[in-house]
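Note sheet for the following structure.
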Amino acid sequence: MKNIIILLGIPLILLSCNFENREEKRITQTSEEEISIEKDEESDDLGEFKITAEKIISKAQKNLMQAVTGAIEENGIAYAISYCNEQALELTSEVIEDERMTVSRVSHKYRNPANAANSEELKIIQSYIESLDQDIVPEPIVRTDDTFKIYYTPLLLASPLCLNCHGEVEKEIQVEDFIAIQMLYPNDKAVDFKMGELRGLWKVKVLKEPSI
């Protein structure tokens, strides 16, 4: 009789084990699917952020170039330097429509101290410089944490017009214009650039929406 009970019990144990294994596999599969969905959603979100950031940077750059060109045509380089001192930050940020976002320029060789790169950004800049030295086009970078998403892309000296204020002193930058720069920015570092060199980074920063 005991043998019969034991024999009858074996299928029940096996059935129970099989059910537990199936349930464990189902839970594992569900978890993997949820992780996969989360990764896909995060990837899509970052993709949209990159597109938005590029549009913002394009508008900001266009704003600055139009304003600087207009100031030079109106009253010369020295006037444009003064104009940028007063208006550059506003001209950059006015393209932002989302109050959670900011756009700015940061540099290792800054003119305005407000544009000084932090330690993390200096590492990115150095990496970009090394890439350019090897004739490799630097790719944009996205950094994320629990609070922010930050998009960085190279800021290159791409127009001869920029050499009037950021080129070599006494060659591209006239002495009187350099004096005007020094009066407004006593600790200026943003000179002696050459065409195609890295001036710094464009930076778009957005506050993440709170998780539900």
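The sequence shown begins at -6 in this note's numbering and counts up by one.
Note that beta-carbon positions come from the ideal geometry of N, C-alpha and C, so glycine has one too.
In this text the structure is predicted, and so the values were computed from the model without any measurement.
Locate the beta strand (DSSP E) running through residue i, then write down its first and last residues.
| i | result |
| --- | --- |
| K198 | L191 to L200 |
Quick one: residues in its chain with C-beta nearer than 6 Å to the C-beta of residue i, no 5 flanking neighbours on either side, listed in chain order?
| i | result |
| --- | --- |
| Y145 | I117, I134, L194 and K196 |
| L57 | L84 |
| E169 | none |
| S29 | Confidence at S29 is low in this model, with a pLDDT of 38, below 50, so its placement is unreliable and no value can be given for it. |
| N108 | R98, V99 and S100 |
| A173 | A71 and I74 |
| D38 | none |
| S120 | none |
Mind checking which residues open and close the alpha helix (DSSP H) that includes residue i?
| i | result |
| --- | --- |
| L115 | S112 to D126 |
| M176 | V168 to L177 |
Between residue i and the rest of its own chain, which residues show a CB-CB distance below 8 Å, the 5 nearest in sequence each way excluded?
| i | result |
| --- | --- |
| E163 | F171 |
| G206 | In the structure as shown, the chain starts at -6 and stops at 205, and residue 206 therefore has no counterpart that could be examined. |
| I89 | I49, T95 and V96 |
| I65 | Y72, A73, L154 and N157 |
| E190 | L125, L149 and L150 |
| E87 | N56 |
Apply the 10 Å Cβ neighbour rule to residue i and answer buried if 16 or more other Cβ atoms are within range, or exposed otherwise.
| i | result |
| --- | --- |
| I50 | buried |
| L200 | exposed |
| V130 | exposed |
| E79 | exposed |
| A71 | buried |
| P106 | exposed |
| E41 | exposed |
| E132 | exposed |
| E114 | buried |
Do residue i and the ligand NAD come close, with the Cβ less than 7 Å from some heavy atom?
| i | result |
| --- | --- |
| L125 | No copy of the ligand NAD appears in this structure; indeed no ligand is present at all. |
Quiz item: How do the region 178 to 189 and the region 91 to 110 stand: do at least 3 beta-carbon pairs fall below 8 Å, yes or no?
Solution: yes
Quiz item: Three or more beta-carbon pairs under 8 Å between the region 64 to 76 and the region 124 to 132, yes or no?
Solution: no
Quiz item: Counting pairs of beta carbons, one from the region 46 to 61 and one from the region 87 to 101, are three or more of them closer than 8 Å?
Solution: yes
Exercise. Starting from the N-terminal side, write out each stretch of the alpha helix (DSSP H) that is 4 residues or longer and does not extend beyond the region 138 to 165.
Key: 156 to 159
Self-check item: Secondary structure, beta strand (DSSP E): runs of 3+ residues fully inside the region 67 to 109
Solution: 94 to 99
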